[in-house]
Every structure is written in structure tokens, then in C-alpha cells.
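The block underneath contains the structure these notes are about, expressed in C-alpha cells.
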DNA sequence: GTCTATACGATGATAGAC
DNA sequence: GTCTATCATCGTATAGAC
């Protein structure tokens, strides 16, 4: 990966994540990256190719972030670690997650199956903890954590910080 | 409100809600509405004016949908009615709600205060029902219901239908 | 109120030089 | 790999006729 190619990806990530994909002109990306506009098309064919390259990076990050949960065997720890997730986002990576949620909002890139292994893992944990409807509990918890993630990305972590303790207590983990 | 003006609003709503605001060209709206492109600007000044007109309609609908909850005095009924909300969306109005959630996603139009009265009402209900942290309970329930709303709008009601019963039982209402 | 015609800047993309 | 120059098209918006 050349230096300029990375600069383009970096600039595109920031602009896509904050202004939106359609609202971001390739000329703007080139300017921000300190690169000629033509170079974008050399490296990524077209604007969509640039988005896809970023999307792949995001998917890699998602895999990484969930790894510790998949290796956990203690049920309470699984739920605990899952609740911790959004509160442990690295601010430097906020734009990655912003892009992730933006893409989710655009039908084309939305893939519900992506999170199914997580749902399974949480379901197993709730089952082990004798919850009556483990699969539904897992699903609802995922919705809560996703909501909180979005709030953090949009408004910062302060607003929702108290919910970390609240959720840990609510689920007794 | 003239016939053509309404046709424009209708076409714009459908396109904005499905394709997105930026991705929708005024020419496309005009074509769908069976109207000249210039007429859009006569009636709404510019593209943004068109969005604002739709946004006002959405806000009116929001007020209407929450009215029965505000008039309810029985705490269990308040929570029950709130949980029912997304499951009672009229499919013909899906695009209204889609637009609402899309606008929420675009910083400019997002107003967190809009739902504060709802939060208050739910908080009172949870307080009355002796929940330890009524305000946080209310907030979390709102996140759950919002998530479910979004899923319904994106994938249809079937996927989340079982959660109606699940939530009613979870909150014992 | 509505339409046609059109201005005109912005945008995605290509060609060719270095 | 990278840049400059250039292009065709699109998108918003306006003017003027009816």
C-alpha cells in the first residue's frame, strides 16, 4: 500500500463518515488527501470502488473487536464483555464505526447475517444463565448495545456513560 | 394545497425515504410526480425547502402518534401502549417514518429534545411501578422500541413480531 | 399555477505526459 | 505511480411564456 493510496482512503473515510457518501465529491477527497483527483480512479476504478475498499477495512475491524468474546467461555463474562464494547471504542476509530452504521442504513451494503455469530454466542450465554427466552434476550441486548453505539458516535460517550453500570447491574454480570 | 403540489410532496417522500435525500435528483421527483421540474422550485424555492415541507408533515404525525400515550394515566397502560407503537405502524405511512429515521441520521435535522416528553412520561410510569432507576429504564426501553421500529421499516414486521409478546411479558404489562 | 427552455457550476471519469 | 488537462453529463435553479 503506497503512501498516497492510504492518504486517499483516510480522507475518504473521514468525509464519507461525516458528510455521507453521496454528498462527498471525489474532488473533495483528492483535495483533502493532497492528491490529484485522477489518482483516485487509478487506484480504485471509481467512487464506489473506494467505498468498497473502506467497507472491507471495516469488516476486518468488526472481526477483531468480537474476537475476545468468541474466545470467552464464561457466560457472565461473555455478556459483560459485550456490554463493554461500545464504551471501549477508540476515539481515533470512531469514523470506522460511523461508516459501518452509515452503510447499514443504505440497503445495498446491509447484511444482517454478519452479526449472527454474535447472536448465537449471546444466546448460548443467556441459555446457560437460565433465561426463559435466551434468543430473544440476546436480540434485545444487541439492539440496546447498537443504539448506545450510535449515540456514542453521534454525541460522544458522556451522555451514555451511566448506562454501562446500569446494564451490567440489570443483567447481573 | 393544489393537486400538483401534493403530487410533488408524495413523489419526493417516496424517493427521499428509499433512495436518500442527496441521491434523489429534482428531475427524478418531477418525473415521478408527472410535473415539470420548474414547478418544484416555484412551490418550494429549492430542494431543501421540499425536504423541510416533508419534515413538518412528519413532525405532525409524530405528535399524533404519541397523543394517546400522553393522555393515559395508568402506568402499565402507558408502557403497554408505547411498546405497541411500532407494531401498529400503518404500512401506507412507512415512508413517513423512514424519512424520520433517515433525517435523524443526518445531523442537521436531528433534535434529541423532540422525544424528551416521551422519556418523561415513561420515566414517571417506571417510577410509579417502583423500578429502581426509572429514568434509565425509560431510556433503554426507548432504544429498544426505536431499534424495532427501524427493523420493521427496513425488513418488514414479520421478523420482529414475536418481540411484541416478549416485551410485554418482560415489562409485565 | 404550470410548462419549456436554458444557464451554469459541480461531478465522475478519461487520456496522455512524466 | 502520479499529475495536468479535459470532457460529458448531471443537477440545481432561473426566466419567461401561457
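Residue numbers (our numbering), protein chains in the order written: chain Z, 175 to 347; chain W, 175 to 347.
All residues carry an ideal CB built from backbone N, CA and C; glycine is no exception.
All values reported here derive from a predicted model rather than from experimental measurement.
* Asked: To the nearest whole angstrom, what separates the beta carbons of residue 225 of chain Z and residue 206 of chain Z, a pair I think is in contact under 8 Å?
  -> Along the first chain, one-based indexing puts residue 225 of chain Z at 51. Along the first chain, one-based indexing puts residue 206 of chain Z at 32. Under the criterion of beta carbons closer than 8 Å, residue 225 of chain Z and residue 206 of chain Z do not qualify as touching, at roughly 16 Å.
Can you name the residues of chain W whose CB is closer than 7 Å to the CB of residue 279 of chain Z?
-> Stepping through the first chain from its first residue, residue 279 of chain Z is reached at position 105. The answer, in chain order, is 279.
request  = Check residue 283 of chain Z in the structure and name its three-state DSSP category.
outcome  = For this step, residue 283 of chain Z is matched to residue 109 along the first chain. Residue 283 of chain Z: helix per DSSP, three-state reduction.
Min CB distance residue 323 of chain Z to chain W below 8 Å = Position 149 of the first chain holds residue 323 of chain Z. No, because no Cβ of chain W sits closer than 8 Å to the Cβ of residue 323 of chain Z.
Discussion item. Below 7 Å on C-beta distance, what does residue 260 of chain W contact in chain Z?
Written reply: In the second chain, the residue the question calls residue 260 of chain W occupies position 86. Here the premise fails: no neighbours, minimum Cβ distance about 12 Å.
- Between the region 207-214 of chain W and the region 244-263 of chain W, do at least 3 Cβ pairs fall closer than 8 Å? Using a Cβ-Cβ distance cut-off of 8 Å, the region 207-214 of chain W and the region 244-263 of chain W are not in contact, since fewer than three pairs of beta carbons, one from each stretch, lie closer than that value.
**Q.** Proximity test, Cβ basis, 8 Å: residue 317 of chain W and chain Z
**A.** In the second chain, residue 317 of chain W corresponds to position 143, counting from 1. Yes, contact with chain Z.
Please tell me whether residue 196 of chain Z has its Cβ less than 8 Å away from any Cβ of chain W.
Here the question's residue 196 of chain Z lines up with position 22 in the first chain. By this cut-off, residue 196 of chain Z is an interface position.
### Query
If you compare alpha carbons, which of W:199, W:245, W:325 and W:306 is closest to residue 292 of chain W?
Taking the second chain and counting its residues from 1, one reaches residue 292 of chain W at position 118. If we check each option's Cα against that of residue 292 of chain W, W:245 comes out closest.
So which residues on chain Z does residue 337 of chain W lean against when the C-beta distance must stay under 8 Å?
-> In the second chain, counting from the first residue as 1, residue 337 of chain W sits at position 163. Correct list: 310, 313 and 314.
Checklist entry - Ordered along the chain, which non-local residues of its own chain (more than five positions away) have a Cβ less than 8 Å from that of residue 236 of chain Z? => result In the first chain, counting from the first residue as 1, residue 236 of chain Z sits at position 62. Same-chain partners within the cutoff: 274 and 288.
Near-chain Z residues of the region 185-215 of chain W - C-beta to any C-beta below 8 Å = Answer in chain order: 194, 196 and 197.
> Are the C-beta atoms of residue 332 of chain W and some chain Z residue less than 8 Å apart?
Replying inline: Indexing the second chain from 1 puts residue 332 of chain W at position 158. No - not a single Cβ of chain Z is within 8 Å of the one on residue 332 of chain W.
Q | residue 383 of chain Z, enclosing alpha helix (DSSP H) - first and last residue | A | What is shown of chain Z runs 175 to 347, which leaves residue 383 of chain Z out entirely.
Give me the subset of the region 291-302 of chain W whose CB atoms are less than 8 Å from a CB atom of chain Z, sorted by chain position. none
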